[in-house]
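Below: the structure, in structure tokens.
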RNA sequence: AGCCCCGUGGUGUAGAGGUAGCAUCAGAGACUUUGGAUCUCUUGGCACCGGUUCAAAUCCGGUCGGGGCUACCA
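Residue numbers (the numbering used here): 9 to 570.
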């Protein structure tokens with residue numbers, strides 16, 4: 009029996025349902041994701057991709073990947089591969105529907121000629137400055153260009169010569185003839201073509217005139233038979249123009265629907281800001297794990313499932329909003345908890361000697377790989393007289409609610425024994441070693457007499473431990489809204505602890521078998537993944553996110569009280 | 001200022017004339033060989049004013065607030 013509760017639908021799915029009901033587009037759904045190949049994809053794009061491709065998938069429709077490459081000055085081939093790689097990594101397959109806006113340059117030109125013939129477009133000789141001047145502003149209407157009333161013949165001739173390369177960059181443009189007094193600035197005779205003697209990554213030197221976004225985009229959608237053209241809110245004011253071109257041309261017209269793009273706290277999302285960070289050397293590159301780029305997140309240890317689940321769960325709406333990064337972190341924990349194998353690793357090692365354990369003895373304890381997934385099986389973890397534990401797991405003078413190890417206190421060592429601390433050995437006031445004893449009766453971690461222990465600690469056997477470098481990543485900025493601060497440049501608000509590198513970490517032997525990008529959990533610490541920098545000699549691990557940590561919260565509260 | 005879009009717990013969203021729901025966060029508890037996970041409970045919201053109606057988050061009018069637009073970028 010399936011639940012009768014109908015899942016709530018966002019406004020876009022409601023529109024599609026209605027279109028399907030009325031048969032507006034023959035009941036089909038065909039969407040597209042149209043990135044400009046001039047940068048790397050980030051989580052904001054992931055949302056757009058999930059909206060466009062996810063909805064098409066859900067309705068049994070198709071989706072296109074289309075590179076919107078109408079500006080040869082800004083676009084480069086190198087971005088195309090990275091964008092495709094990222095989208096594939098997100099788990100989407102556009103099959104054979106990979107297109108380029110530039111594929112349609114010929115057809116667009118013909119359409120432009122159509123419009124000229126209809127008296128709806130004209131060649132303007134004004135300079136960029138003059139055009140700006142005559143456009144007016146939001147409160148004052150613009151004025152007609154002196155070239156606005158050229159004859160169709162003259163326009164046709166001029167436009168053809170523009171194409172033929174007779175004019176220099178900026179000398180002439182082709183404009184739509186709409187209304188210079190229109191309250192919507194986009195309708196004040198928008199430019200359709202500009203002259204750019206530049207080599208295009210796809211069409212080479214074939215063209216010296218290139219179409220503007222507003223002219224090109226609707227045509228691309230129309231040519232590809234897109235049904236629902238889903239884009240971000242800033243194109244709302246462009247929709248009348250999108251419609252105008254297609255209506256004047258009398259061609260198939262998709263519907264453009266706008267939704268709010270994703271904003272996240274404690275990070276920046278714009279290409280320009282991201283570029284500033286990369287160019288300024290403030291991060292290690294586009295794949296720096298602190299960045300919200302797809303590559304960065306992959307390197308950080310985010311899974312495809314966690315990102316897609318996040319994008320689905322934040323919803324779609326028309327209000328500008330900022331999602332708390334905590335929710336992203338929740339989504340990645342949620343997925344990784346179910347899928348990640350567990351290991352033990354000590355980030356800040358404190359040596360511990362078990363006085364009543366023989367020096368040459370080694371035992372192997374069976375550890376559960378994933379308590380959430382029985383099929384993940386078990387592994388053996390070696391135990392011996394000298395171990396490492398986490399420095400934070402011992403306090404000489406424990407405050408209230410600190411359940412971990414302290415002098416005279418007994419805790420459990422995960423999968424091994426109950427351990428009691430006898431003494432903390434100090435050198436120059438610093439604790440350098442703990443002397444402890446085990447209760448042999450608690451072999452495996454259970455007391456036959458049923459006595460309980462307040463906490464369970466992770467540990468690593470000294471002689472079996474692997475050394476590892478661990479990169480602890482945290483939020484990139486110290487404030488939720490780094491761009492909204494008065495009198496502060498966002499680059500000065502970078503969290504100095506957004507990356508902390510620990511070099512003397514000790515991890516259990518099984519970590520050796522992991523490969524680059526493998527994700528796992530260090531019990532009690534968080535989720536990590538293997539950095540591709542890892543070599544035979546040097547294990548490098550990246551922390552994706554910490555586990556939820558009630559003790560850290562209590563600690564903060566206690567500090568506040570002081 | 002002109003035009004366009006939008007206001008539902010702290011945050012993100014559902015609700016389409018009839019008991020304001022979900023998720024997250026926060027708080028409390030249960031359970032626990034991860035202070036993880038899981039489970040239970042609790043706090044907390046319809047921007048404001050007026051109108052229509054037996055009944056308004058929902059429809060209408062206004063006010064206030066937020067965002068977008070003034071590139072030969074996309």
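Every residue, glycine too, gets a C-beta built ideally from N, C-alpha and C.
> Per DSSP, residue 317 is paired with what?
Replying inline: Beta-bridge pairing links residue 317 to no other residue.
> Helix, strand or coil: which one does DSSP assign to residue 475?
Replying inline: strand
> Hey, how far is the Cα of residue 249 from the Cα of residue 187?
Replying inline: 11 Å
>> DSSP has residue 75 in a bridge; who is on the other side?
In response: 108
>> Measuring alpha carbon to alpha carbon, tell me which residue in 202, 370, 294, 281 is nearest residue 501.
In response: 281
> Is residue 180 buried or exposed, if buried means 16 or more other CB atoms sit within 10 Å of its CB?
Replying inline: buried
>> Give the list of continuous alpha helix (DSSP H) stretches no shorter than 4 residues that lie fully inside the stretch 190-236.
In response: 221-232
> Considering only C-alpha positions, which residue in the set 234, 202, 485 is nearest to residue 504?
Replying inline: 485
> Any idea what DSSP makes of residue 501, helix, strand or coil?
Replying inline: helix
> Between which two residues does the beta strand (DSSP E) containing residue 535 stretch?
Replying inline: 534-538
>> Let me check one thing: in DSSP terms, what residues is residue 438 bridge-paired to?
In response: 435
> Where does residue 130 sit, in a helix, a strand or coil, going by DSSP?
Replying inline: strand
> Which residues in the same chain as residue 364 place their Cβ atom closer than 6 Å to its Cβ, once the five residues preceding and following it in sequence are excluded?
Replying inline: 445
> Under a Cβ-count criterion, where at least 16 other Cβ atoms within 10 Å of its own Cβ denotes burial, should residue 19 be classed as buried or exposed?
Replying inline: exposed
>> For residue 424 and residue 403, what's the separation of their Cα atoms in angstroms?
In response: 21 Å
> If you compare alpha carbons, which of 40, 467, 62 is closest to residue 21?
Replying inline: 62
> Buried or exposed: residue 399, going by 16 or more other Cβ atoms within 10 Å of its Cβ?
Replying inline: exposed
> Alpha carbon to alpha carbon, how far is residue 548 from residue 478?
Replying inline: 6 Å
> Can you tell me the Cα-Cα spacing of residue 310 and residue 382, whole angstroms?
Replying inline: 23 Å
> How would you label residue 146, buried or exposed, when you count the other beta carbons within 10 angstroms and need 16 or more for buried?
Replying inline: exposed
> Okay, do the stretch 353-373 and the stretch 434-453 touch, 3+ Cβ pairs below 8 Å being the bar?
Replying inline: yes
> Residues in its own chain within less than 7 Å of residue 312 by CB, not counting five upstream and five downstream?
Replying inline: 97, 98, 99
> Which value, in whole angstroms, describes the spacing of the CA atoms of residue 27 and residue 235?
Replying inline: 10 Å
>> In this structure, how does DSSP classify residue 550 when only helix, strand and coil are distinguished?
In response: strand
> Does DSSP put residue 396 in a helix, in a strand, or in coil?
Replying inline: strand
>> For the alpha helix (DSSP H) containing residue 302, name the first residue and the last one.
In response: 302-308
> Going by alpha carbons, who is nearest to residue 422 out of 380, 373, 208?
Replying inline: 373
> Should residue 81 be labelled buried (16 or more other beta-carbon atoms within 10 Å of its own) or exposed?
Replying inline: exposed
>> Only counting the same chain, and skipping five residues up and downstream in sequence, which positions put a Cβ closer than 6 Å to that of residue 40?
In response: 72, 74, 234
> According to DSSP, which residues form a beta bridge with residue 360?
Replying inline: 395, 442
>> With H, G and I counted as helix, E and B as strand and the rest as coil, what does DSSP make of residue 466?
In response: coil
> Alpha carbon to alpha carbon, what distance is there between residue 396 and residue 358?
Replying inline: 5 Å
>> If I follow the unbroken alpha helix (DSSP H) through residue 96, where does it start and stop?
In response: 85-97
> Quick one: Cα of residue 10 to Cα of residue 16, how far?
Replying inline: Caution is warranted here: a pLDDT of 29 is assigned to residue 10, below 50, making its placement in the model unreliable, and the coordinate value is therefore given only provisionally. Rounded to the nearest angstrom, the two C-alpha atoms are 16 Å apart.
> From what residue to what residue does the alpha helix (DSSP H) around residue 22 run?
Replying inline: 19-30
> Taking DSSP as the reference, what is the three-state secondary structure of residue 56?
Replying inline: helix
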